[in-house]
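This report refers to the structure that appears directly beneath it.
Protein chains: 4
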Amino acid sequence: MHQLDPQSAAPPLLARLLTTRAFSEQLCEPLTAEDMGLQACPEVSPPRWHLAHTTWFFETFILKPHQRAYRPFDERFEYLFNSYYNGIGAQYPRPQRHLLSRPGNQEVLRWRRQVDDALAELLSHPDHDPLIDALVALGIEHEQQHQELLITDLKHSFSYNPLWPVYQPRDDDERPAPEFRWHEYSGGLVETGADGAAFCFDNETPRHRVWLDPYALASRPATCAEFFAFIEDGGYQRPELWLSDGWDWVRQSGARAPLYWLLDDGAPHYYTLAGRQPIRFQEPVAHLNYFEADAYARWCGLRLPTEAEWEHAAAGQPVQGGFIDNRRYHPQVAPAGRDAPAQLFGDVWEWTASAYLPYPGFAPAGGAVGEYNGKFMNGQMVLRGGSCASSQAHLRASYRNFFQPHLRWQFSGVRLARTLDPNRESSRGPTPTIIA
Amino acid sequence: MHQLDPQSAAPPLLARLLTTRAFSEQLCEPLTAEDMGLQACPEVSPPRWHLAHTTWFFETFILKPHQRAYRPFDERFEYLFNSYYNGIGAQYPRPQRHLLSRPGNQEVLRWRRQVDDALAELLSHPDHDPLIDALVALGIEHEQQHQELLITDLKHSFSYNPLWPVYQPRDDDERPAPEFRWHEYSGGLVETGADGAAFCFDNETPRHRVWLDPYALASRPATCAEFFAFIEDGGYQRPELWLSDGWDWVRQSGARAPLYWLLDDGAPHYYTLAGRQPIRFQEPVAHLNYFEADAYARWCGLRLPTEAEWEHAAAGQPVQGGFIDNRRYHPQVAPAGRDAPAQLFGDVWEWTASAYLPYPGFAPAGGAVGEYNGKFMNGQMVLRGGSCASSQAHLRASYRNFFQPHLRWQFSGVRLARTLDPNRESSRGPTPTIIA
Amino acid sequence: MHQLDPQSAAPPLLARLLTTRAFSEQLCEPLTAEDMGLQACPEVSPPRWHLAHTTWFFETFILKPHQRAYRPFDERFEYLFNSYYNGIGAQYPRPQRHLLSRPGNQEVLRWRRQVDDALAELLSHPDHDPLIDALVALGIEHEQQHQELLITDLKHSFSYNPLWPVYQPRDDDERPAPEFRWHEYSGGLVETGADGAAFCFDNETPRHRVWLDPYALASRPATCAEFFAFIEDGGYQRPELWLSDGWDWVRQSGARAPLYWLLDDGAPHYYTLAGRQPIRFQEPVAHLNYFEADAYARWCGLRLPTEAEWEHAAAGQPVQGGFIDNRRYHPQVAPAGRDAPAQLFGDVWEWTASAYLPYPGFAPAGGAVGEYNGKFMNGQMVLRGGSCASSQAHLRASYRNFFQPHLRWQFSGVRLARTLDPNRESSRGPTPTIIA
Amino acid sequence: MHQLDPQSAAPPLLARLLTTRAFSEQLCEPLTAEDMGLQACPEVSPPRWHLAHTTWFFETFILKPHQRAYRPFDERFEYLFNSYYNGIGAQYPRPQRHLLSRPGNQEVLRWRRQVDDALAELLSHPDHDPLIDALVALGIEHEQQHQELLITDLKHSFSYNPLWPVYQPRDDDERPAPEFRWHEYSGGLVETGADGAAFCFDNETPRHRVWLDPYALASRPATCAEFFAFIEDGGYQRPELWLSDGWDWVRQSGARAPLYWLLDDGAPHYYTLAGRQPIRFQEPVAHLNYFEADAYARWCGLRLPTEAEWEHAAAGQPVQGGFIDNRRYHPQVAPAGRDAPAQLFGDVWEWTASAYLPYPGFAPAGGAVGEYNGKFMNGQMVLRGGSCASSQAHLRASYRNFFQPHLRWQFSGVRLARTLDPNRESSRGPTPTIIA
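Chains as they are written, first to last, in this note's numbering: chain A, 1 to 436; chain B, 1 to 436; chain C, 1 to 436; chain D, 1 to 436.
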């Protein structure tokens, strides 16, 4: 859930809504009718389900309670497209979403039209309740989250097809990554969390104090080349580099490279949304899980940043990088020469050393919408920043993403950190190995 | 595998081939593009996969080895659409067939066209090898088997959708089932199995001698009404009625009625390919597994027939009943008044008391096509007759169908049997309870 | 269940009872208190449980119903030590039997004393119901079955201990196996099954007619040397040799030799009840499952016998071989030179090609004791003969043992068979490869 | 791992060692030989294994590397009794520890004697390396941890036996719990973690600064009565009270009360080490997992304390309460009237809201002993205090215990906390419902 801030629901809300809604459908344009039902595992959902569920969200939380005359498109969809809101009712089993060939693609689009029209009418009414604006703003952010999932879920489902489906051909060029450097921060008693001046989710609040020892952050996320050196040094065969659960995961999964990497025949390739491609080693490495990010940092003699360290460094930085808006659907090589760490936002999410837990004084919103974030505060680790599948407008320094430590189908990478000695003049720290 | 009988590959072979191939596609006409990828569990396959795999069969076993100039549509399909032929090579994992959104529906149809054209050219050549005729005949039978699976798999996948998709509306009338009677057979040393005069699968051979004690068969399969009496008498709560594995299945599955029966709200309904419908109690009960058929027979104080008993009774009877050719996709009420048991063929397969094992002297064919039947002779029970989803031309008295004892997504029912006292004048046996 | 034959309960019944009861305890003498609770998997039971359950059998089926004054040792044991009799009541979960450290070893022995004393008193009464004699006879056979299981279960549980516990040192000598030969049978319409003249289990009845084509049986079970040739020829890597379920088992289990074989360091060893030992290749190979026995026969170009063929050959042969009575607990090399097949009884059970199904006209006994055999007639294959862990007095030609096809912790081996051409003068068949 | 502090290894180290070693064996005195092998699930270990593994620890980390003349008792034990130290080598599979009937109880005791004697000799040498003292001190703490596990594992394994084994009869009296009150703390920038002046584990270091908002802690852990009110209010049926993973656990486990509670027949009972007993409702509730503790706090409108809050409150408090030293093996009713929160130590561990993660600047020790704590810093929650199965001498304010959130076989309870409004005069907070 989110912090309701009626004031921030500025005039272009309806336009933002319709643009966002249209973008979801544009993302499906390269897909065939057959692709729209793909679901490779319980964690991912079919594209069609994303189109339906985001519509369900608006119908359930805005139209049904706040638009008296509204007639639901199909009463049975309340159950079919409820993701996890126990406060609304029972849910169609998540692992079976691919079995919902009906309603079909066209029917879901008709449902979207009906809901969009009703929302437009509601928002156009001059006297409408400001709470509706706040809920629409939330629904927009919710749909942006599902746009990211639509892309990452699709990549995952496609990856099971040995024909290596192409969602969009690659059109960018290779270039070298900038040199690895450290950015240093003196820390101290700092404030972290959202201050409530703009839209945020409830899990970013309340703003609170936290003590930070002096630390440094890497100037950019680790590259494929840097991570490949870890692989070549036996990283996936050495238990001492891994958390115990991580080592169990390595043994059970048989993993020996990031997800989608294909190392078995000739030159290293990976599956991307542009199909099977030679790995571009200067890019940020993506599709790591927490265990891999943590093991890589340990191999470097370094560590992951905490979320408070990350946020302290990112606060005030512009939200720049590769986003879904660029329609590349793949992380780009970091830009050169900046005073702040590059790619804090966009390209790849960055695993932190922080468990996803409530901030001191956290209270979820009341009602079913309160199930949005709070009930998941267990067993997950925080990621910060954003990825090439995130909307630029969706991100901010206080944003908390979270996934279970074994999952890696998101565009998730690693930015290294280290603790500085408070008593000594700080200096350049060790640089991780870079392969030629 | 089959017995090759080049003589029986009569002139209309090409016509039969093209009619059969076209029928597979006609079966998909009521389906949406989205439906074509549905796979609810590893045992069932998507409709599109059936269209592709049957094409693979012709391309792999006929065109590639016997048509020198033939260019495969896509070399990668050899792996993608191989079902279980280790002699051909590795297979795409069966539980993941729903993930093959590519090749899409139109591409699979184009493949079918290419293969059909090549087969037509091959068969039209005046000097073609008679072995090709035999293989085409086998391919036709193979495709008929997959037509039945396409229908039963589709019903199963649809049944997970609470919108209860309609494949085709119901248009038949209710009528009472004929009275239950016994048909008696004196048995003795009889011959069973195919005699090789017409097409048969290898598992029906060799014809061999078997001793039968005097026995009787029910005049028709058990009806929904008769099976409902078993349910109402606590059939699913009484371990003494079940085989040990069957009782384990009841407890683990929570089953308390045939598959697709919906007993929880008001009048009893079931899911059919015409959607959710009130149960018609005079029809043959379908979607039983072996454990249920066996428990029902035990509750009646009777037993299932052996496959030899069944075949001895069916030999020489006309292949009549409800088949896929009628396009009802649902068992029909038995016809009244005949001298032989009704519905031996069509409507519902009949579980027998016989394990699926090789006949004495059985030898599978050489090569990969020898994997068709023989390697499955373990852990399955034989069903005889045919169902409303079988092709009439595909069935015969010696036909052996087989499934694992816990599976029930086929149109599988039960015909009762009893042993007659050889020393006494036989008389009408006990009639199972019929509810009003 | 069994056929009750009060006449055969001859005078020495009490002596037989007490000898059998004492032998169960003697089998535990080499064991420590700690060993008595071992249970390596759900299929096996701890030695202490076997001592308790066999006592439960007498208390439940004889003393409670037939000895009015009898006071159960502990009412709670009815639940604790019920194996699978739903007619008696619920059962303590089988996989947890190792968790019953109480009642301890001494308490179980006290229970045995109480039950033995009560049985002795009951049998000593001159007017006792002959039904009691029949039930005691059944209880003796039941206890003999559990003595065999005690030994095979113990071997299995011990095998998980890398210290390779020694139950009893080996004291026999090596010698060569006799040459492989065929014994031929003309078959015809024969009778099979127990004739009821002596004790038998219900599953051996009724005696009935069956047709047999001419066939031959191997002169002895296959040896370790013969089976090793299969291994060396890639037997466990070639899918064409295996049933489909068998090949799945090979891949999932990673099996590449019989159970207990240790091929990884130097000379081939196996775990035996004498500890880790060099394999003696002239012995009958043991600890095969049905899939392995079947694959071996296919590799030989031969087949397994049916149970009717086996019984026809064994009928009238003396029950000779290596039994538990010899206290070797390991199969012995076949004796040389006989007119009939050697080792039909004892040493290793012989997998047949027959599924475990009811004989025509089979009817289990009434009451809970009717659960003894009949309810397991699904998904298992018949073994014939007996093993080095069977009691000699327990075996006969009509005896039907049965296990699921993937299980191999019994002393189970393979005797080859072949069908003879009825039209030709029969001759020596092909001899399977023997390694030097 | 631990912080090595040679100075604190004061003269009585050898006496402490021998007392601790003897106490492990005393804990086994009420057990039968049969009990010594019990292992109900992979998380628990048999008593005999605990006796062996603690001995392995001394032999592996002290005697082998530091006592040149030492001959291992049995080289094969290095593998058998390695718990999880990959740096030492492979490990016998944890779920199978109950299968190690050999070495038996007496042999393990002989091993203990040999190791104790060798340690005594080593420590008695006037010139021995002070590192040895530090390692012996660590081994003592390690053995104390296993004494606690021995008791909790035993309780768990015994609980599967419906005879409800008695380890030791109950001899204490009932009395009312003191009234619930709040203890308030103003927080601020405080230091937390061990300061290294005495023995501690590595995971308690380094001492570091943390900011705390004003908060209050409950005057005692929640009682059975208080938790029972949660149950009676439908606590286990209301998803809104649970974390999402917690609710999944409720549904999958079917839990509706703390572990060992028996609510199905008549008056509420629980299984204790004194057998099946009526619940004493004034005691601290035990055997909750994190999900239950968290749901209970949410139902109260309160929360769990963080580990820093807990430690800040406990720092400087005496280590008093019910410990394993009292040999009650069950939590006692809280004492009345104190100025600080009662039962911070002993009786029940207290779940905190903190994930088990490294403190800022944490570095595990080098070598295999560095696997002691650090590699488990994932997916677990911190518990603070100690329980009725902990050694008093083992506990301190900075001690961090940790378990996965679904586990509840430890004596784990819940102490409530709340955040105070920094701007208002603090006052007594809401008191959770107490049943009469």
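Glycine is no exception: its CB is placed at the ideal position from the N, C-alpha and C atoms. Small disclaimer: the values here were computed from a predicted structure and weren't measured.
Return the first residue and the last residue of the alpha helix (DSSP H) that residue i is part of.
i	result
alanine 52 (chain D)	47-58
asparagine 105 (chain B)	105-124
phenylalanine 403 (chain C)	Not the alpha helix (DSSP H): phenylalanine 403 (chain C) falls in the beta strand (DSSP E), residues 401-403.
histidine 312 (chain D)	307-314
arginine 298 (chain C)	290-299
tyrosine 441 (chain B)	Residue 441 (chain B) lies beyond the residue range present for chain B, which begins at 1 and ends at 436; the question has no answer from this structure.
If I follow the unbroken beta strand (DSSP E) through residue i, where does it start and stop?
i	result
histidine 142 (chain D)	First-last for histidine 142 (chain D): 130-158, but that is the alpha helix (DSSP H), not the beta strand (DSSP E).
threonine 19 (chain C)	First-last for threonine 19 (chain C): 13-27, but that is the alpha helix (DSSP H), not the beta strand (DSSP E).
glutamate 184 (chain D)	182-185
alanine 355 (chain C)	349-355
arginine 384 (chain B)	381-384
serine 276 (chain D)	Just to set this straight, residue 276 (chain D) is arginine in the shown sequence, not serine. Residues 275-278.
tyrosine 84 (chain B)	Element bounds for tyrosine 84 (chain B): n/a, residue is neither H nor E.
Looking at the C-beta of residue i, does it have a partner C-beta in chain B at a distance below 8 Å?
i	result
glycine 366 (chain C)	no
Is the CB-CB distance between residue i and residue j below 8 Å?
i	j	result
leucine 123 (chain A)	leucine 14 (chain A)	yes
leucine 100 (chain D)	tryptophan 49 (chain D)	yes
glutamate 75 (chain D)	glycine 89 (chain D)	no
leucine 243 (chain D)	methionine 377 (chain A)	yes
arginine 97 (chain B)	proline 47 (chain B)	no
Does residue i come out as helix, strand or coil in the three-state DSSP assignment?
i	result
glycine 322 (chain B)	coil
glycine 246 (chain D)	helix
leucine 100 (chain C)	coil
alanine 342 (chain C)	coil
arginine 418 (chain C)	strand
valine 190 (chain A)	strand
histidine 66 (chain D)	helix
Spell out whether any CB of chain A is found under 8 Å from the CB atom of residue i.
i	result
glutamine 3 (chain D)	With a pLDDT of 45 at glutamine 3 (chain D), under the threshold of 50, the modelled position of this residue cannot be trusted; read the value that follows with caution. So no, glutamine 3 (chain D) is outside the interface.
serine 244 (chain D)	yes
Is the shortest distance between the beta-carbon of residue i and the beta-carbons of chain D less than 8 Å?
i	result
methionine 36 (chain C)	yes
tyrosine 271 (chain C)	no
alanine 274 (chain C)	no
phenylalanine 376 (chain A)	yes
alanine 33 (chain C)	yes
Is any beta-carbon of chain C found at less than 8 Å from that of residue i?
i	result
serine 426 (chain B)	In this prediction, serine 426 (chain B) scores a pLDDT of 44, lower than 50, which makes its location untrustworthy; the coordinate-derived value is nonetheless stated afterwards. Chain C, which has no Cβ nearer than 8 Å to the Cβ of serine 426 (chain B), makes this no.
valine 210 (chain B)	yes
Which residue spans inside the segment 192-265 of chain C form an unbroken beta strand (DSSP E) run of at least 3? 208-212, 215-218
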